[in-house]
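Shown next, in structure tokens, is the structure this report addresses.
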Amino acid sequence: MADDMGWGDLGANWPNTRDTPFLDYLASISIRLPDYHSGASVCSVSRATLLTGRLPQRTGVWHNFATTALGGLPTNETIISELLKSVGYATAIHGKWHLGHQPPFHPSYRGFDEYIGVPYSIDMGCTDNPGAYRPPLQVCPKDPSLYFEQKHEHPDDLRKVIEADLTVGIPLYQCLTPRCPDDNCNKEIIEQPVNLSTLTQSYIDNDRGFIQSSVEAKKPFFLYLPLSHMHAPHDYARQFKNTSVLPSIYGDTLRELDYHINQTYQLLKDLDVLNHTLLIFTNDNGPWSAQCDLAGNQGPFTGVWQALPLPFGGGGGGTAKFTTWEAGHRVPFIAHWPGMIKAGTSAQCDLAGNQGLFTDIWQASPIPFGGGGGGTAKFTTWEAGHRVPSIPHWSGIIKSGNVTNAIGSHLDMMPTIPNLAGFTLPSNRSFDGIDLSPVLFDGSNQGHEYLFHSDHNGTLSAVRYNQYKAYYMTYSAYDGACGGQQGFIIYHKPPLIFDLSRDLAESTPIVASQSVYNAIDEALQAKLKDIASTPHTTVDYRIGGLDARACCDAGHIVCRCTN
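First residue of the sequence shown: 0, per numbering that gives the first Met the number 0; consecutive thereafter.
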């Protein structure tokens with residue numbers, strides 16, 4: 000699973016993009032779901048929906064966890080790794096967790112036999128070589144005196160300074176046993192600050208070790224790869240410099256991501272287990288448009304209405320990550336299973352496009368003609384915020400080259416996997432996904448009829464109903480770093496409706512039939528009633544102090560590993 004990748008970054012989705020050669024090949028021999036969505040348009044929330052199959056309103060995870068978070072994904076929320084481990088699978092996570100780094104929320108407590116990775120986003124701390132970011136990130140100081148010079152302070156009490164600024168180096172954990180043995184898992188930090196230019200190769204090496212050992216032990220395995228690419232800051236191995244078709248830092252980083260997936264695929268092939276392995280590629284949410292030239296491509300999902308001035312639109316702002324616009328949650332999804340998943344056919348909803356075609360024109364339009372501008376990708380409910388790439392692959396099982404117009408979601412992973420792995424879902428809770436097996440293996444185009452999108456306040460404010468997208472509230476992400484603006488929060492009664500079969504850019508609201516309004520309202524009320532009447536949890540979002548940091552050496556100002 001990539002991080003902050005745009006739907007249009009995948010060449011198979013958007014032909015103008017040519018920096019994913021292996022992923023494009025994988026799509027050609029797999030099934031691709033161009034109408035696939037993350038469970039939310041921001042990191043922690045999206046990951047919780049994928050691992051639990053439950054909406055944020057059920058899990059309680061509705062915004063990101065901080066670097067000193069005391070809590071995490073509640074332990075009474077069962078996740079995929081725990082269920083797979085219970086039926087004999089070897090389990091590992093190599094990559095970004097972002098669901099709590101303190102026990103018992105640390106991944107070594109959540110059904111994973113091993114964890115190699117970073118606990119949160121790679122911009123949530125300092126590194127020695129920060130990479131490309133807007134605005135530039137702080138370099139980790141190597142000694143306290145340098146730190147004080149950077150901060151223009153010369154205090155007498157070192158501890159007070161540290162507590163006033165809890166910025167530490169980004170840590171890299173290596174925990175090779177379940178339940179890390181120390182109280183805070185800090186002894187499992189092997190590198191702090193992490194070297195972003197060698198991180199991908201470190202993951203590749205550990206991927207190889209875990210897969211090889213599982214195959215040699217003749218044990219089924221689950222490897223979860225939530226990668227840090229394409230989240231800013233961007234850095235990569237020097238071999239990828241100037242390798243993108245139109246040379247750019249973002250394109251070079253995308254090339255390294257593509258290389259990583261290729262290496263994993265080739266390893267499965269070399270070990271002769273490709274025909275027994277379901278490989279799924281997707282992304283957590285839409286691109287972070289505030290990173291400007293360092294952000295992913297929204298393709299057609301640009302949320303044009305949001306940029307229009309009031310009262311004609313939403314008053315501006317971004318329409319990708321952090322939003323419920325399409326660019327915020329529509330993500331890549333490619334499934335491959337040789338011989339099982341059909342390859343090579345296309346459905347009528349196959350889209351060419353990066354935010355893609357999801358440009359969300361309404362939000363970009365000035366008020367009163369639209370939403371007044373701003374970002375329409377990450378952090379939003381516009382299409383670019385949650386529509387993501389999706390490629391499931393299973394050699395010999397999934398028919399090669401198939402493209403389906405079925406609506407899918409991260410929420411579907413939990414309901415789909417039990418049929419394949421031989422376990423049943425817990426019966427004491429409700430799930431919000433569907434079993435995608437008929438879509439993946441039987442050629443069905445029947446996915447979700449309704450899909451509910453959570454906004455930045457943890458409210459279900461956007462609803463997908465077949466080709467229609469209804470907004471009870473529109474808003475944008477802040478695009479100020481790119482010379483953009485922040486749009487307005489606008490409530491809509493009746494909801495604002497777009498017909499995505501004709502208007503992927505969400506530029507022109509329609510007046511739908513009364514039956515459409517009724518169906519959407521009734522479905523939303525039924526979902527809210529079910530959430531209120533069935534088990535749901537509350538998250539501990541408290542923030543700790545000095546002792547809550549992920550810290551290799553507490554004697555150093557930024558916890559730098561000194562041994």
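C-beta: ideal position from N, C-alpha, C; glycine also.
Taking the CA atoms as reference points, proline 246 sits about 17 Å from glycine 7. Of Cys179, Leu198, Ile489 and Leu450, the smallest CA-CA separation from alanine 518 is found for Leu450. The residue among Thr458, Ile433 and Tyr467 with its C-alpha nearest the C-alpha of glycine 446 is Ile433. Under the DSSP definition of a beta bridge, cysteine 125 partners with Gly168. The distance from the Cβ of aspartate 18 to that of arginine 237 is about 17 Å, inconsistent with a contact at the 8 Å cut-off. Per DSSP, reduced to three states, the secondary structure at arginine 207 is helical.
Taking 7 Å as the cut-off, the beta carbon of aspartate 206 is found no closer than this to the beta carbon of histidine 105. According to the DSSP assignment, histidine 259 belongs to the alpha helix (DSSP H) that extends over 248–269. Distance from the Cα of serine 27 is smallest, within the candidate group His36, Cys42, Gly10 and Ser37, for Gly10. Using a Cβ distance threshold of 7 Å, histidine 392 and alanine 334 count as a contacting pair.
Bounds of the alpha helix (DSSP H) holding leucine 22 are 20–27. About 6 Å separates the Cβ atoms of glycine 124 and threonine 166, confirming a contact at the 8 Å cut-off.
Going by DSSP, phenylalanine 300 is part of the beta strand (DSSP E) stretching over 297–300. Within the stretch 209–236, no run of alpha helix (DSSP H) at least 4 residues long lies entirely inside it. With a contact defined as Cβ atoms closer than 8 Å, glycine 327 and threonine 379 qualify at about 4 Å. In this structure, histidine 385 sits near histidine 36, with a CB-CB distance shorter than 7 Å.
Judged by DSSP in its simplified three-state form, histidine 385 adopts strand.
Scanning the stretch 33–89 from its first residue to its last, the whole alpha helix (DSSP H) runs of 4-plus residues come out as 42–51, 55–58 and 79–85.
Phenylalanine 221 sits away from tyrosine 108, with the two beta carbons spaced by 7 Å or more. Inter-segment contact for the stretch 497–509 and the stretch 298–306 is present: three or more beta-carbon pairs are separated by less than 8 Å. C-alpha of glycine 395 to C-alpha of valine 272: approximately 12 Å in a straight line. Secondary structure note for lysine 492: it is in no alpha helix (DSSP H), and the uninterrupted beta strand (DSSP E) holding it is 489–498. In this structure, the alpha-carbon of aspartate 498 lies about 6 Å from that of glutamine 466. Nearest to proline 118 by C-alpha distance, out of Asn284, Ile79 and Tyr172, is Tyr172. DSSP, read as helix, strand or coil, puts glutamine 513 in helix. Only residues of its own chain outside the window of five on either side were considered, and among them Ala131, His233 and Leu293 have a CB closer than 7 Å to the CB of isoleucine 248, listed in chain order. Comparing alpha carbon positions, the residue from Ser120, Gly314 and Gly442 closest to aspartate 2 is Ser120. Annotated three-state conformation of methionine 412 is helix, per DSSP. Only residues of its own chain outside the window of five on either side were considered, and among them Pro102 have a CB closer than 8 Å to the CB of aspartate 182, listed in chain order. Sorting Ile489, Arg548 and Asp441 by C-alpha distance to the C-alpha of serine 460 places Ile489 at the top. Close CB contacts of proline 534 within its chain, under the 6 Å cut and outside five residues either way in sequence, are with Arg428 (chain order).
With a 10 Å radius around the Cβ and a threshold of 16 neighbouring Cβ atoms, alanine 525 comes out exposed. In this structure, the straight-line span from the alpha carbon of glycine 486 to that of glycine 5 is close to 21 Å.
Residue nearest to arginine 31 within the set His455, Ala522, Leu495 and Gly442 is Gly442 (criterion: CA-CA distance). For valine 303, the enclosing beta strand (DSSP E) covers residues 303–308.
Separation of serine 40 and threonine 197 (C-alpha to C-alpha, rounded to the nearest whole angstrom) is 28 Å.
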